[in-house]
Amino acid sequence: KVGTMVEKFDCLYCRDPLQRKKYVHKGDYHCCLKCFDKFCASICMECCKPIRVDSKEVHYTNCFWHDPCFHCAKCLHPLANETFVAKDNKILCNKFATREDSPKCKGCFKPFVAGDQKWIMGTGSFFSKGKDFYCVTCHETKFAKYCVKCNKAIIAPVWWPMKDHPGTTAASTAKNAP
1 KVGTMVEKFD CLYCRDPLQR KKYVHKGDYH CCLKCFDKFC ASICMECCKP IRVDSKEVHY
61 TNCFWHDPCF HCAKCLHPLA NETFVAKDNK ILCNKFATRE DSPKCKGCFK PFVAGDQKWI
121 MGTGSFFSKG KDFYCVTCHE TKFAKYCVKC NKAIIAPVWW PMKDHPGTTA ASTAKNAP
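Residue numbering for the sequence shown follows full-length UniProt numbering, beginning at 1 and increasing consecutively.
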């Protein structure tokens, strides 16, 4: 719709003139900044306060947050400029989303996370028992056999053919096994 010079250029709500003032164009209407903050601003999902026209707003799935209010539900790390995961109506940073989704030790319930110093998958720092996974400590406590001489857990046997008895093999955890 084309306006004419005769029409008033006023705020939709308070009817104050908007000439030479900052205003917000809302649909076919205009409103002053004060009325926008009072009547039109989105409400932040975190702090439940209006998101003022001069604030940065984060929008995700028809919900709104102030920029600093949009953070990981676990560690409170700000996520407005980062990738994130939405899970069970919670916003999580990638670190915590990975920890929640990763397999956990059936004994101590700590997660096995790729790249974590303690639990690097595929390096033998965890063991599977059926469909369950165990860290080294829990596996040793629950399932490992112990050496009768040194009383240490036997965790990774090394198999080699026996020289004196062809067709047979023996196991050892000794580093200097033949």
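We put the beta carbon where it would ideally sit given N, CA and C, even for glycine. In this text the structure is predicted, and so the values were computed from the model without any measurement.
| request: Label H66 either buried or exposed according to how many other C-beta atoms from any shown protein chain fall within 10 Å of its C-beta, with 16 as the threshold for buried. | output: buried
| With distances taken from CA atoms, which of V136, P50, I43 and C93 is nearest L76? | C93
| request: Label Y60 either buried or exposed according to how many other C-beta atoms from any shown protein chain fall within 10 Å of its C-beta, with 16 as the threshold for buried. | output: exposed
| task | In the DSSP assignment, find the unbroken alpha helix (DSSP H) run with E82 in it and report its ends. | result | No alpha helix (DSSP H) contains E82, which DSSP labels as neither H nor E.
| To which residues of the same chain is C69 closer than 6 Å at the C-beta, ignoring the five residues directly before and after it? | C44, E46 and C47
| message | Using C-beta distances below 8 Å, list every residue in its chain close to C108, excluding the 5 sequence neighbours before and after it, in chain order. | response | C135, T137 and C138
| message | Measuring only the C-alpha atoms, how far is R20 from K34? | response | 15 Å
| message | Can you tell me whether L76 is helix, strand or coil according to DSSP? | response | coil
| request: Could you check the C-alpha separation between W119 and E57 for me, to the nearest Å? | output: For W119, the pLDDT reaches just 43, beneath the cut-off of 50, and the residue's location in the model is therefore unreliable, leaving the point undetermined.
| task | Give the range of the beta strand (DSSP E) segment to which E46 is assigned. | result | Note, E46: premise wrong, no beta strand (DSSP E); not H, not E.
| said: Given a cut-off of 8 Å on the beta-carbon distance, is the pair residue 192 and K106 in contact? | reply: One cannot answer for residue 192 here, as it falls past the ends of the chain, which runs 1 to 178.
| query | Under three-state DSSP, which class holds V136? | reply | helix
| said: Using the three-state DSSP reduction, which class does D54 fall into: helix, strand or coil? | reply: coil
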